[in-house]
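As structure tokens, the structure follows; a few thoughts come after it.
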Amino acid sequence: MTPSPVDLIGGAAALCSIASFAPQIFKIWRERNASSVSLKTYALTVSCFVLWTTYGLLAGVWPVALANACALVMASAVLIMKWRSGSD
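Heads up: the sequence shown begins at 1 in the numbering used here, then just goes up one per residue.
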């Protein structure tokens, strides 16, 4: 079964959303410094991904649920590193 153009675009969007957190994670990890990360922004981002994942699960839209659950893991990693750094 060949994926449709819509599925390809959706898959590319999901991969970009998930991968977009990797540079921030690596930067914090490498520098051991999360002072440039906004706690409020990442708290809101994590909340957003929780809601989108829940929506996907409740609506039975598995691509939405899976993509947002993966992005949730990545955004949560940044948020946890920010909390552990103790910087505001």
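For each residue, glycine too, the CB sits at the ideal point set by N, CA and C.
Rounded to a whole number of angstroms, what is the C-alpha to C-alpha distance between residue i and residue j?
i, j, result
"Met81", "Tyr42", "11 Å"
"Val78", "Gly10", "24 Å"
"Leu57", "Ala22", "25 Å"
"Trp62", "Leu44", "23 Å"
"Lys27", "Ala19", "14 Å"
"Thr54", "Ala34", "28 Å"
From the options, pick the residue whose C-alpha is nearest to that of residue i; which is it?
i, options, result
"Asn68", "Ser47, Leu39, Asp7, Trp29", "Ser47"
"Ala71", "Met1, Ser36, Thr2, Ala13", "Ala13"
With DSSP as the reference, label residue i as helix, strand or coil.
i, result
"Thr94", "The structure shown has nothing for residue 94, since the chain only spans 1 to 88."
"Met1", "coil"
"Ser85", "helix"
"Ser93", "This structure cannot settle anything about residue 93, because the visible part of the chain is limited to 1 through 88."
"Arg32", "coil"
Grab me the residues of residue i's own chain with a C-beta within less than 8 Å of its C-beta, minus the 5 sequence neighbours each way, in chain order.
i, result
"Leu93", "Residue coverage of the chain in this structure runs from 1 to 88, which leaves residue 93 outside it and unanswerable."
"Ile25", "Met74, Ala77, Val78, Met81"
Could you name the residues of the same chain whose beta carbon sits closer than 6 Å to that of residue i, not counting the 5 residues immediately before and after it, in chain order?
i, result
"Ala65", "Thr53, Gly56, Leu57"
"Ser85", "Ala34"
Can you find the residues in the same chain that come closer than 7 Å, C-beta to C-beta, to residue i, ignoring five residues on each side of it along the sequence?
i, result
"Ser17", "Ala67, Ala71"
"Phe49", "Asn68, Ala71, Leu72, Ala75"
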